[in-house]
Each structure stands twice: as C-alpha cells, then as structure tokens.
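Everything on this sheet refers to the single structure shown next.
Number of protein chains: 2
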Amino acid sequence: MGEEVQNKQVILKDYVTGYPKEFDMYIKTSTIKLQVPQESNAILVKNLYLSCDPVMQFQMRKAEKHLSGYYYFTPGSSINGFGVAKVLDSKNPNFSAGDLVWGTTGWEEYSLIERPNWLYKIHHTDIPLSYYTGILGMPGITAFAGIYEVGSPKKGECVFISAASGAVGQLAGQFAKLLGCYVVGSAGSQEKVDLLKNKLGFDDAFNYKEEPALDAALKRCFPNGIDLYFEQVGGKMLDAVLLNMKIHGRIIICGMISQYNISEPEPLKNIMQVAFKRLSIKGFTHRDHHHLYPKLLETVLPYIREKKIVYVEDIVEGIENGPEALVGLFSGRNFGKQIVAVAHE
Amino acid sequence: MGEEVQNKQVILKDYVTGYPKEFDMYIKTSTIKLQVPQESNAILVKNLYLSCDPVMQFQMRKAEKHLSGYYYFTPGSSINGFGVAKVLDSKNPNFSAGDLVWGTTGWEEYSLIERPNWLYKIHHTDIPLSYYTGILGMPGITAFAGIYEVGSPKKGECVFISAASGAVGQLAGQFAKLLGCYVVGSAGSQEKVDLLKNKLGFDDAFNYKEEPALDAALKRCFPNGIDLYFEQVGGKMLDAVLLNMKIHGRIIICGMISQYNISEPEPLKNIMQVAFKRLSIKGFTHRDHHHLYPKLLETVLPYIREKKIVYVEDIVEGIENGPEALVGLFSGRNFGKQIVAVAHE
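Read top to bottom, the protein sequences are chains L and S. The opening position of the first sequence corresponds to residue 1 in the working numbering, with each subsequent residue numbered one higher. The opening position of the second sequence corresponds to residue 346 in the working numbering, with each subsequent residue numbered one higher.
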C-alpha cells in the first residue's frame, strides 16, 4: 500500500466532431501512488471492467447548447465512464479497501475517485463482475425502467425493440418476453438476428441492413401493428415504426444512436401519426430511475441464477484495446454488450 | 308538419386533393318532407349552426391508408360535421320535437338523421346556442381534455399554445390561465395577437408569420423553457418548440394543421430532444374523452356565466356562404371559432 505504480490511461486527444475515431484517443502511461491523500473523502480503485456506452461520444464533444446535463471530457485527460472496480484504499466512510464497486470511474488502470457518491457497492459476487457494467449496471437500469416502469407492456402485447442485441435491447426483449409479450427485434447482421431468435428467445427478428423496406419488414412481423416500441436508433426506423403503431400505441425512447453523429439529423416525416393514432412518446434515461435498482436486483438476480435470462457480452482484453472497442460501438461491430477488461482482480 | 320544403345543401363535387377550395363544393336546392318516415329510429332536424372543423378536409379526400377511423364524405352528397339543430320530428324514443341538440348533422337546412346516437341534448339555453359548436361542443371537449386530463399543467407552469386564437386554442389558453399557469400563444396576425393579449388574458403572444426565427421568439417568451406545449400546427413550430422544452416537458398533440395538406410533410429535425430531455409527447382527440362532458359542463358553464371565460366566434350567415367559410379555415382567415349560421331557430 502506498507504492507508486505505472498507470495506463486512455487520453482524449482533442474535442471530437462526428463519430469518434481511434486516433481521437491515445494511451499514456503515467504513475500513481496507491494511497488516498490525507484530508480527503476520496477512494483509490483498481479498475477491472470498463463499459463502452453510446453516450460517451457526446462527452467527447465540445459542450453543445442543446445537450445540457452531460459531463464533458477534457482533452489531455483520461476519459471516463461506467465500470467495475476494486477499492484499494479509502478515506471515505462508506467504502473500505477490498470493496467491489460499480459506477463512474476513469479509463485507466487505477483511479483516484474524489467524490465516490455515485458508486454502488457490489454485494452479489456469484454473478460475473462484468455484469455490473450491463445487466446489473446502467444498461440494466435502462432496460428495467423502460419495460417495467415507462412502457409497462401487458401480456400478449406486441413489442418491437431496435438495436435489440445491444447492451439494453437484449434485456428489454427478454424482460418483455418474461411478461408474456410477443417480441420482435431488429439488429444489423444475420449473426445478431440468429442470436435474438435462437439464444435470447425473441419471437422474430430482422436485419435492418438487408430489408429493402423497413415498413414492409414491420408489417410482416406485426400484421396487426405494434403496441410498444422500445426506441434506440431513430431516423428511418422511427419513421417506419410510426406508420405501424396501433391506435394508442406507446413509443419509449432511451436513445437514437443512428442520429447522434450526422451533421443534419435525418428528418422525421410521420410525426403526424401521433395525432392520428393518439400515440404517446416518452423519452427516458437511467438517471431518473435509480430508485428502481433494489427492485431490479430482486427481480433480475433470480432470473440470472435460474438462467431465465441470458446476457451476451463482447469483452476485449486490455485497456490499450479500449479505444478500438469504444469506436466499434458506433458501427455496430460489437456482439452484445461491449466491455473492456482491464484486470481480473 | 309533413309539408315538403326546399332544402339548400352543400354538396361535395369530387374527392379533394390538397387544401379544399370553394369550387370543390356547390350549393344544391332539393326538397325534403319535414316528417320522419314510419318504421324508423330517425329524427328530422332543422340545422341552426354548422361548425367548420379542420378534420373535414380529410373527410373530403379519398380514404387514405394511414388515416383510418375517419368517416369520409361521398361526392355528390352533402358534407356533414358538427352542428346545432332543432328537432322537428322524431321516431326515436330519446328525442322529441322541440329538442335542441348538438352533434353530427348535415351541411343543409334540414337533415334526416337515421342514427342519432351521437347527438347530445342541449339543456342550458341561457348560453348562446352557437357555443355548442365550440366551447360546449367538440372543441370544448378537446381543450378541456387536453388541459384538465392529458396535459394537466400545475400552477406556475409555462404553457405554450399554437393556433391560440382558434376554436380550441383560445379555450386551452384560458383554462391554463384559470389553473394559474404562465400562458403564451402564437397566431397568424397582429389582430389575433392583440385578441390573445387584450381580451383572452394570455400573458404573451406572437405572430408566427412575422417572427424571423421561431426559436428566438420562443426563447424570448420562455427564457426558462416550456413545461407544456399544446400542439395544433406541427412543422417548423414543433421543431422550434422541441429545442425550448424544459427537461421532462410535455407536448400534447390534437392536430397539426400546417401539415395536413402538403404532399410531403415538413421534416422534423429535433426529435432527438425527446431522448435528451426525457420529454413526453401524447396525441389525443376528443373522441377518447367524451366521458368528460358532464364535468366540462359543470366547470365551464359557471365560467361562461361569470364571464371568467370569453369565447370568440366568427359567424357567417347563410348556408350558401358555408364553403367559403370552411375553406378560409385553412388559410387562417377566421377570427376565432368559425361557424356558419343556417337559421336562428
């Protein structure tokens, strides 16, 4: 304890415009003392798993007028995000050396976390620790809130999920199936479609890149229309979905990954359907739903242990491969939840 | 009773594309016997006031794929819509000669209504009868449902209303004011803006046709953002509003009159704000809210009698002037609720 060690970090080179590229980040090796300074409330952690999340692209940009509420990265400093870590030293009354935690940490091997207010302690370690970046972490809260609180599909309802094999979508689909819904997902490769149909229990799935017309694909999968759309992509997909919603259908939106990085967002043509069909559309984010976390653990831990839910991860080894993994997220290169393994305890 | 009289009718010439024009309709004088045939459940009414409503443009078109649920007009027959009428003869147990009613009737001097299921009897006649096409009719239900049930603004909230001097908007704004909200409206002329500010009690108003940028106009009126947007126009206005909503703001949509008749709807660019700001958008129509009508009467009749609510009507005299009045609705020529007076009892 107190020794000085090497600390590989992922540094943001400069503010990013458009999709982040690997060259927007670089690896720097600095040193860090494995001890929290006196007169502080900080903790010092060893990072185990880092989560690649779509929101990080915004944080790499220069603060934008219409994107309030984000924490922005600083060029020359390490980026950060959700992760799983082990406490090595603590001057904070809520944490002790040896604790396992998940929450916001640095993209580096070791992090000094000055205000560890938003970290959760991990109490259930019979589950893979990496799951706390996914099913038991932020994407889990997003999917759980979306299905159990915001969308609340009833048994027999028809649910459509875009980006269905991703960190959130695979959970949202399985939650909806457990509630007795008819669930269809879209994804960007045949391999992902097979995953949805054969391993994750979706009733049907299609590869949006291979469909000549999204409207026709949706009509094929939902001849009587969609009750609930779990929206994560935006653009043409949302436009096609609007035409295929049932009267009084609901659309819940936690992201629009297809739209984030194009200079002019794809225009939406069918918004009038909201009036014609009395649709409701609701934006939501995990940030408004952390009160659900105890209920999530209570519900989901048994599902995991009884193998009623599967969680597919795409883990790359080594922080030096972090930038490539993060960038791959924006072209859909990941197969399931994208994670960077920094260390295995 | 039983005499045969002349009956002027407004006939649809042919299916309409684009905005309806005067020449899409013509006046025909036929004859009608003022008696309900035996073996029927019909009533025969003398029409007093006819309501010009935006939805009628859809009913003039050929049935459209994505516009289900509308009753379409038949070329060669009289158009119909909401109106106020007096029962002259009845074979229906629920109606008697002398009853005043409001609901769907024909655009003609006398109508034989085969299935009078959807007519309301008028019990309060100290109020101008024409109000049953407006504040106490369908637009009243729309505004009442929008404010008291769908949008539910709280005291002190910031409410924006487009098409604010129209049949629904003027009521929605006054209802929101009565709830203690800060209310701003947009309209299409200085005269309408003056009406909103000086007669209807809106806190502020602007002429959307004269604003160089809608975004700037909204920022001027709502420096801290909008809590509730009562949407009736769509297009550029909705796009600008999306940028000016508060976090967790609500948008309620009962129509998008700017969008109905352009071959390609204006694309919406800022739908991503729904995700960023966790907005909710809800489409609604009077049709889902008729259960509120008793509560509406209970609430609104005293407001009218105590002059706490003003209702502005634009009444043209004579059914032969009906087509011009109806067509004027789509260029905003009306000043307040557009009504055609067919007869004064």
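For glycine and all other residues, C-beta sits at the position ideal for the given N, C-alpha and C. Please read these numbers as outputs of a predicted model, since none were measured by experiment.
Counting the other CB atoms within 10 Å of its CB gives S:Pro-484 a total of 16 or more, which places it among the buried residues.
The DSSP assignment places complete beta strand (DSSP E) segments of no fewer than 3 residues inside the stretch 509-538 of chain S at 527-532, in order along the chain.
As the crow flies, the alpha-carbon of S:Gly-580 is around 51 Å from that of L:Ile-43. Here the C-alpha atom of L:Leu-200 lies approximately 14 Å from the C-alpha atom of L:Leu-179.
For S:Leu-545, the secondary structure class from DSSP, reduced to helix, strand or coil, is coil. Per DSSP, reduced to three states, the secondary structure at S:Leu-474 is helical. One finds nothing in chain S with a Cβ atom closer than 8 Å to the Cβ of L:Val-5; even the nearest lies about 39 Å away.
With contacts defined by Cβ atoms closer than 8 Å, L:Glu-109 and L:Ala-343 form a contacting pair. At least one CB atom of chain L sits nearer than 8 Å to the CB of S:Thr-630.
In summary, the residues of the stretch 244-259 of chain L whose CB is separated from some CB of chain S by less than 7 Å are Ile-253, Cys-254, Gly-255, Met-256 and Gln-259, in the order they occur in the chain. Around the beta carbon of S:Trp-463, a 10 Å sphere encloses fewer than 16 other beta carbons of the protein chains shown; the residue is thus reported as exposed. Spanning the alpha carbons of L:Leu-279 and S:Phe-418 requires a straight line of approximately 26 Å. Between the beta-carbon of L:Ala-164 and that of L:Ala-187 there is about 5 Å, and that keeps the pair under the 8 Å contact cut. Residue burial annotation: S:His-631 is buried, with at least 16 other C-beta atoms found within 10 angstroms of its C-beta.
The Cβ atoms of S:Val-661 and S:Ile-654 do not sit closer than 8 Å to each other. For L:Asp-288, the residues of chain S that pass the 9 Å Cβ criterion are His-593 and Arg-623, in the order they occur in the chain. Taking a beta-carbon distance threshold of 8 Å, L:Gly-76 does not count as an interface residue toward chain S. The stretch 289-305 of chain L makes no contact with the stretch 634-641 of chain S; the number of CB pairs closer than 8 Å stays below 3. Under the 10 Å beta carbon count, L:Ser-111 is surrounded by 16 or more other beta carbons and is classified as buried. Uninterrupted beta strand (DSSP E) stretches at least 3 residues long and entirely within the stretch 412-472 of chain S occur at 425-435, 445-451 and 455-458, given in chain order.
In the structure shown, S:Met-401 adopts helical secondary structure according to DSSP, grouped into three states. Of the candidates S:Glu-494, S:Glu-502, S:Ile-492 and S:Asn-386, the residue whose Cα lies closest to the Cα of S:Ile-458 is S:Asn-386. Rounded to the nearest angstrom, the gap between the Cα atoms of S:Lys-436 and S:Thr-374 is 26 Å.
For L:Tyr-120, same chain residues with a beta-carbon under 6 Å away, outside a window of 5 residues either side, are Trp-102 and Gly-103 in chain order. Across the stretch 611-622 of chain S, CB contacts with chain L closer than 9 Å involve Glu-611, Pro-612, Leu-613, Lys-614, Asn-615, Ile-616, Met-617, Gln-618, Val-619, Ala-620, Phe-621 and Lys-622, in sequence order along the chain.
DSSP places S:Thr-376 in no alpha helix (DSSP H) but in the uninterrupted beta strand (DSSP E) bounded by 370-378. By the Cβ criterion, the stretch 238-253 of chain L is not in contact with the stretch 571-587 of chain S, since fewer than three pairs of Cβ atoms, one from each stretch, lie closer than 8 Å. In this structure, DSSP gives S:Val-657 a state outside helix and strand, which the three-state scheme calls coil.
Per DSSP, L:Ala-341 is one residue of the beta strand (DSSP E) stretching across 337-341. Sequence-distant partners of S:Glu-536 (beyond 5 residues in either direction) whose C-beta falls short of 8 Å from its own C-beta, in its chain, are Phe-680. For S:Lys-581, the closest Cβ of chain L is not nearer than 8 Å. At a cut-off of 8 Å between beta carbons, L:Lys-91 makes no contact with chain S. For S:Ile-626, a Cβ of chain L is located within less than 8 Å of the residue's own Cβ.
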